[in-house]
Amino acid sequence: MSELEKEIISVADLLTTKSLTLPDYQRPYKWTLKNVVQLFHDIDTHRDKTAYRLGTIVFHSDEKKGELNIVDGQQRTLTLLLAVWALMSVIQEGKKKLVRGELIRQVDDLQNDVENLLQKQSFASTISHKNLRDNFLEIKRIVNRPDFTEQHIDFLLNSCQVVTFTLVNISEAFQFFDSQNARGKDLAPHDLLKAYHLREFPDDEQELKSSSVSGWEGLESEQLETLFAEHVMESDPKKP
Numbered sequence: 244m245s246e247l248e249k250e251i252i253s254v255a256d257l258l259t260t261k262s263l264t265l266p267d268y269q270r271p272y273k274w275t276l277k278n279v280v281q282l283f284h285d286i287d288t289h290r291d292k293t294a295y296r297l298g299t300i301v302f303h304s305d306e307k308k309g310e311l312n313i314v315d316g317q318q319r320t321l322t323l324l325l326a327v328w329a330l331m332s333v334i335q336e337g338k339k340k341l342v343r344g345e346l347i348r349q350v351d352d353l354q355n356d357v358e359n360l361l362q363k364q365s366f367a368s369t370i371s372h373k374n375l376r377d378n379f380l381e382i383k384r385i386v387n388r389p390d391f392t393e394q395h396i397d398f399l400l401n402s403c404q405v406v407t408f409t410l411v412n413i414s415e416a417f418q419f420f421d422s423q424n425a426r427g428k429d430l431a432p433h434d435l436l437k438a439y440h441l442r443e444f445p446d447d448e449q450e451l452k453s454s455s456v457s458g459w460e461g462l463e464s465e466q467l468e469t470l471f472a473e474h475v476m477e478s479d480p481k482k483p
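Per the numbering used here, residue 244 is the first one in the sequence shown, and the count goes up by one each step.
As structure tokens, then:
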């Protein structure tokens with residue numbers, strides 16, 4: 244395996260990472276209100292700690308395109324992006340005022356990076372659009388409450404952390420992604436199959452790639468699981 248870069252970074256550092264990209268082969272955004280409520284419950288519970296780990300993110304560093312693609316961790320990253328955007332929204336609307344000068348400056352400095360990161364994203368799935376909208380509105384409601392204090396904001400931006408793993412070789416990045424998920428929540432085989440194939444589209448076939456993503460995401464998961472189990476796996480020569 245090529246060199247594996249490991250780093251522990253804050254949420255603020257994650258969202259200001261240059262060339263951060265959510266590739267087209269990613270699954271729809273499926274975190275729901277339940278996940279959002281749990282995240283902010285954790286932030287409230289652990290806010291007195293010096294640091295709190297939110298999980299891991301696997302990157303593929305595409306040096307040719309100058310992109311840092313999220314191979315694993317898109318759900319978490321998008322939710323954190325929504326959280327900071329919602330926080331900025333309530334501040335701009337005058338619904339929440341910050342007192343600490345360094346925190347005011349940090350939020351101001353984050354704005355351009357967060358806006359640019361949001362503008363770069365496009366989502367073909369209606370599932371993604373619905374969950375993004377619903378979660379943003381719920382997060383905005385949470386951060387607008389009086390009991391969501393500057394301590395919570397500082398903790399979210401600077402003490403909440405993720406562990407990042409960066410690989411240059413795309414195949415090794417997916418293998419690492421596989422191994423990480425094998426120790427946690429299993430991914431459906433068809434999700435991995437989709438990712439492996441969509442990443443092979445050349446740059447001059449982006450329209451076909453987008454339509455393929457839309458078509459894939461328009462299928463029911465149960466249909467894909469049945470297709471994979473009954474046809475693809477049966478044709479696998481390695482299957483005992």
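Backbone N, C-alpha and C fix where the C-beta goes; we use that ideal spot for every residue, glycine too.
Residue from K273, D291, I300 whose Cα sits closest to the Cα of T264: By 1-based counting over the sequence shown, the position of residue 264 is 21. The candidate whose alpha carbon is nearest that of T264 is I300.
Distance cut-off 7 Å: G309 Cβ against heavy atoms of the ligand MN: With respect to small molecules bound, the structure shown includes none, and the ligand MN cannot be examined in it.
Minimum C-alpha distance to R290 - residue among V405, T259, Q394, D315: Residue 290 sits at position 47 when you count from the first residue of the sequence shown. Per the Cα distances, Q394.
Span of the beta strand (DSSP E) around L311: On the sequence shown, position 68 is the one that residue 311 refers to. Residues 310–315.
L323 vs V254 beta-carbon contact at 8 Å: Working through the sequence shown from its first residue, we reach residue 323 at position 80. Working through the sequence shown from its first residue, we reach residue 254 at position 11. Yes, the Cβ-Cβ distance between L323 and V254 is below 8 Å.
Burial state of Q362, where buried means 16 or more other Cβ atoms lie within 10 Å: One-based indexing of the sequence shown puts residue 362 at position 119. Under this definition Q362 is an exposed residue.
Candidates V386, S368, D315, of which the one nearest L282 by Cα: Position 39 of the sequence shown, counting from 1, holds the residue named residue 282. With distances taken between Cα atoms, L282 lies closest to V386.
Three-way DSSP call (helix, strand, coil) for S365 in this model: Within the sequence shown, residue 365 is the residue found at index 122, counting from 1. The answer is coil: DSSP assigns S365 none of H, G, I, E or B.
Bounding residues of the beta strand (DSSP E) (the contiguous stretch that carries K249): Residue mapping note: residue 249 aligns to position 6 of the sequence shown, counting from 1. Residues 248–253.
Cβ-based burial, L258 [other Cβ within 10 Å; buried from 16]: Residue numbering aside, residue 258 sits at position 15 when the sequence shown is read from its first letter. Buried.
Residue(s) in a DSSP beta bridge with V405: Within the sequence shown, the letter at position 162 stands for residue 405. Answer is I252, bridged to V405.
Length of the line joining the Cα atoms of D256 and N401: The residue given as residue 256 occupies position 13 in the sequence shown. The residue given as residue 401 occupies position 158 in the sequence shown. In a straight line, the C-alpha of D256 is about 8 Å away from that of N401.
First and last residue of the uninterrupted alpha helix (DSSP H) at F283: Along the sequence shown, one-based indexing puts residue 283 at 40. Per DSSP, F283 belongs to the alpha helix (DSSP H) from 276–289.
Proximity winner among K338, K373, I382, relative to V327 (alpha-carbon distances): As a working note, residue 327 is residue 84 in the sequence shown. For the residues K338, K373, I382, the minimum Cα distance to V327 belongs to I382.
Segment contact, 8 Å Cβ cut-off, at least three pairs: the stretch 343–359 with the stretch 298–317: no
Cβ-Cβ distance between Q318 and K249 below 8 Å: Indexing the sequence shown from 1 puts residue 318 at position 75. Indexing the sequence shown from 1 puts residue 249 at position 6. Their beta carbons are not under 8 Å apart, which means Q318 does not touch K249 by this criterion.
Beta-carbon spacing of A329, F408 below 8 Å: Reading the sequence shown from its first residue, position 86 is the one you call residue 329. Reading the sequence shown from its first residue, position 165 is the one you call residue 408. Not a contact, by the Cβ cut-off of 8 Å.
Own chain, CB closer than 8 Å to Y295, minus 5 neighbours either side, in chain order: Position 52 of the sequence shown, counted from the start, is the residue given in the question as residue 295. Once the five neighbours on either side are set aside, the close Cβ partners of Y295 are D285, I286, H289, F398, S402, C403, Q404.
R426 classed as buried or exposed, judged by whether at least 16 other C-beta atoms fall within 10 angstroms: The residue you call residue 426 lines up with position 183 of the sequence shown. Residue confidence for R426 is low, a pLDDT of 43 falling below 50, so the modelled location carries little weight; the figure read from the coordinates is stated next. Exposed.
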